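Trainee: If you read the sequence shown in numbering that gives the first Met the number 0, its first letter stands for residue 0, the second for the next number, and so on.
Sharing a structure below in structure tokens format, with a few things to ask.
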Amino acid sequence: MTHPPLHAIGNEAPVDMRDPAWRDDPHPLLHELRERAQVARDVLGIWLVGRHGDVNAGLRSAHLSREPWRSPAYRQLRPFIADSPMERMVEQWMLFNDPPKHTRLRRLANHAFRPPVIDAMRERIQVVSDELIDALPADGAFDLMAGFAQQLPVRVICDILGLPAEDFATTKAWSDALAMVVEPVRRRADLEAAGRAAQEMADYLRAHVARHRGQGRRDDLLGALVAAHDDGNALSDDELLGNLVLLFIAGHETTTNLIGNGMLTLLRHPGELARLRAEPGLIETAVQEMLRYEGSVNFVARHPAVPYRIGDATIEPGETIFFMLGAANRDPAVFNDPERFDIGRSPNAQLGFGAGIHYCIGAPLARLEAQIALGRLLARFPSLGLVDAQPRWRRLINLRGLEALRLHGERTRAA
């Protein structure tokens with residue numbers, strides 16, 4: 000596949016991440032970005048940073064904001080979404096807020112992701128994994144994404160939030176529409192769909208919260224958040240509903256991609272697949288390596304609160320920086336032989352879940368789900384192969400995941 004050239008600062012044409020080559024295989028462009036310059040710009044004027052040290056430092060910097068409304072690009076977008084349900088919802092997300100608001104919101108949500116809570120979900124994740132595997136064809140072809148990877152994380156996050164399992168299809172559709180808010184290039188139709196989803200999901204969750212409040216439960220995440228709203232006004236109505244939506248989206252979107260990307264990577268590296276089958280205890284380091292090698296998110300955005308210097312460039316307040324996780328995760332300055340997929344790699348300073356105060360709150364749950372899901376799939380399918388030599392990637396720029404992953408194999412009974 001031929002990739003357009005990526006140019007550093009200067010008079011040459013900058014990179015265009017809207018090019019289909021970026022979505023099909025961004026790694027050659029990410030390699031060129033990282034190796035050619037410390038910082039570059041794309042066609043929209045966004046600054047791109049790809050070296051591990053710079054990305055790690057940027058994600059931890061108190062001088063960079065996560066609030067998108069600091070960016071001119073967001074202000075240009077406002078005419079399409081100003082005062083809409085989607086805008087009001089997104090502005091409440093802890094993901095898009097700085098301290099002190101971020102600190103307060105995150106402290107409340109941390110309840111659901113403490114190690115004992117996550118570990119207690121292990122058996123439930125395994126049960127759901129086996130139920131989904133049992134529903135796949137015993138032999139022949141199947142789509143891992145539709146039949147497994149898209150369903151497991153949603154069922155788990157529904158359990159966490161106390162949402163009825165039968166509402167899976169509706170809540171998943173809302174979540175898919177709202178996930179577009181983290182994409183840098185969006186059609187107006189996408190924004191309108193996201194706006195409708197925001198309103199419908201907010202109405203749905205408002206009714207669910209009312210039922211939950213009537214039951215007086217305080218022992219789960221939703222109960223803890225409702226209590227924070229009712230007992231001390233720590234959460235407003237908009238904050239409560241907005242962050243329930245965020246937790247739902249974050250609780251499954253990247254995990255779905257991690258399972259799909261991870262399985263594809265294993266199948267493309269048969270030696271490492273055989274190694275994992277022979278040593279299933281390597282699943283923890285294997286998932287870490289999947290996050291490094293083919294992560295679920297290509298980049299995260301930040302906005303300088305004060306002039307921010309990287310190399311010879313000074314990036315002014317109001318501009319946007321994309322910290323390229325995929326480039327940083329294959330930086331030879333940090334990773335030995337970074338283009339090699341090694342399920343036993345240790346240490347592994349991958350940044351797939353970010354870093355600093357915005358480190359993914361659901362990372363422990365995502366890792367556990369991927370470990371169990373991939374482990375059960377390999378145990379239940381003694382042989383697996385790709386139906387399509389070139390699986391289809393979703394037509395997105397930031398969220399990296401597969402539209403479909405068609406596999407063939409013969410399934411065994413659950414132990």
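Note that CB positions come from ideal geometry on N, CA and C, so glycine has one too.
This one's a predicted model, so the numbers in the text were calculated from it and none came from an experiment.
With DSSP collapsed to three states, give me the class of Thr254.
Mentor: Thr254 falls in the helix class under three-state DSSP.
Trainee: Among Asp53, Phe298, Leu376, Pro363, whose alpha-carbon lies nearest the alpha-carbon of Ile396?
Mentor: Nearest C-alpha to Ile396: Phe298.
Trainee: Ignore the nearest five residues each way along the sequence and tell me which others in Pro331's own chain have a CB closer than 7 Å to its CB.
Mentor: The residues are Pro337.
Trainee: For Pro183, tell me which candidate among Gly44, Arg375, Ala249 has the shortest Cα-Cα distance.
Mentor: It is Gly44.
Trainee: Determine the DSSP secondary structure at Arg33, reduced to helix, strand or coil.
Mentor: Arg33: helix per DSSP, three-state reduction.
Trainee: Taking the beta strand (DSSP E) that Arg405 falls in, what are its first and last residues?
Mentor: Element bounds for Arg405: 405-409.
Trainee: What are the start and end residues of the beta strand (DSSP E) that includes Leu290?
Mentor: Note, Leu290: premise wrong, no beta strand (DSSP E); alpha helix (DSSP H) at 282-292.
Trainee: For Ala145, collect the residues of the same chain with a Cβ closer than 8 Å to its Cβ; drop the 5 residues on either side in sequence, then sort them by chain order.
Mentor: Taken in chain order, the residues that qualify are Ala403.
Trainee: Could you pull out every residue in the same chain whose Cβ sits closer than 8 Å to the Cβ of Arg344, ignoring the five residues on either side in sequence?
Mentor: The answer, listed in chain order, is Thr284, Gln287, Glu288, Arg291, Phe334.
Trainee: Comparing C-alpha positions only, which one of Ala365, Leu376, Trp173 sits nearest to Asp118?
Mentor: The candidate whose alpha carbon is nearest that of Asp118 is Ala365.
Trainee: Restricting to Cα atoms, I'd like to know which of Val225, Gly241, Gly57, Leu385 is closest to Arg301.
Mentor: Comparing Cα positions, the closest option is Gly57.
Trainee: Determine whether the beta carbon atoms of Gly355 and Gly294 lie at a separation below 8 Å.
Mentor: The answer is no: Cβ separation not under 8 Å.
Trainee: Taking 8 Å as the limit between beta carbons, can you name the residues of its chain near Pro363, skipping five residues before and five after?
Mentor: Only Phe112, Pro114, Ile117 meet the Cβ criterion.
Trainee: Assign Val126 to one of two classes, buried (16 or more other C-beta atoms within 10 Å of its C-beta) or exposed (fewer than that).
Mentor: Its Cβ having fewer than 16 others within 10 Å, Val126 is exposed.
Trainee: Helix, strand or coil, according to DSSP, for Tyr307 in the structure here?
Mentor: Tyr307 falls in the strand class under three-state DSSP.
Trainee: If contacts are defined as beta-carbon pairs under 8 Å, then Leu401 and Arg391 qualify, I think. What distance do you get, rounded to the angstrom?
Mentor: Rounded, the Cβ-Cβ distance is 7 Å, consistent with contact.
Trainee: Taking only the alpha-carbon atoms, compute the straight-line gap between Ala277 and His51 and give it to the nearest angstrom.
Mentor: Rounded to the nearest angstrom, the two C-alpha atoms are 32 Å apart.
Trainee: Can you check DSSP and say which residues form a bridge with Thr313?
Mentor: Note: Thr313 sits in a beta bridge opposite Arg308.
Trainee: Tell me whether the stretch 23-38 and the stretch 260-276 touch, counting them as touching only if at least three CB pairs, one residue from each stretch, are closer than 8 Å.
Mentor: Contact fails: fewer than three Cβ-Cβ distances are below 8 Å.
Trainee: Identify whether Gly351 lies in helix, strand or coil by the three-state DSSP scheme.
Mentor: Gly351 falls in the coil class under three-state DSSP.
Trainee: Can you tell me where the alpha helix (DSSP H) with Ile124 in it begins and where it stops?
Mentor: Note, Ile124: alpha helix (DSSP H), 121-134.
Trainee: For Asp237, report the span of its alpha helix (DSSP H) as first-last.
Mentor: Note, Asp237: alpha helix (DSSP H), 236-249.
Trainee: Going by alpha carbons, who is nearest to Pro163 out of Val208, Arg375, Val42?
Mentor: Minimum Cα distance to Pro163 is reached at Val208.
Trainee: Our contact map puts Arg105 next to Met93 with C-beta atoms below 8 Å; I'd like the distance itself, whole angstroms only.
Mentor: Arg105 to Met93, Cβ: 5 Å. Contact.
Trainee: If you check the beta carbons only, do Phe340 and Glu271 fall under 8 Å apart?
Mentor: In this structure, Glu271 lies closer than 8 Å to Phe340 by Cβ.
Trainee: Within 10 Å of its beta-carbon, does Gln214 have 16 or more other beta-carbons around it, so buried, or fewer, so exposed?
Mentor: Exposed, since its Cβ has fewer than 16 Cβ neighbours within 10 Å.
Trainee: Kindly list the residues whose CB is nearer than 7 Å to the CB of Leu143, restricted to its own chain and excluding five residues on each side of it in sequence; keep chain order.
Mentor: Same-chain partners within the cutoff: Gly259, Met262, Leu404, Leu406.
Trainee: Helix, strand or coil for Ser64 per DSSP?
Mentor: In the structure shown, Ser64 sits in a strand (DSSP, three-state: E or B).
Trainee: Please name the residue or residues paired with Met323 in a DSSP beta bridge.
Mentor: Answer is Phe298.
Trainee: Buried or exposed, going by whether 16 or more other CB atoms sit within 10 Å of the CB of Ser419?
Mentor: Because the chain is modelled from 0 through 414, residue 419 falls outside the range shown and cannot be assessed.
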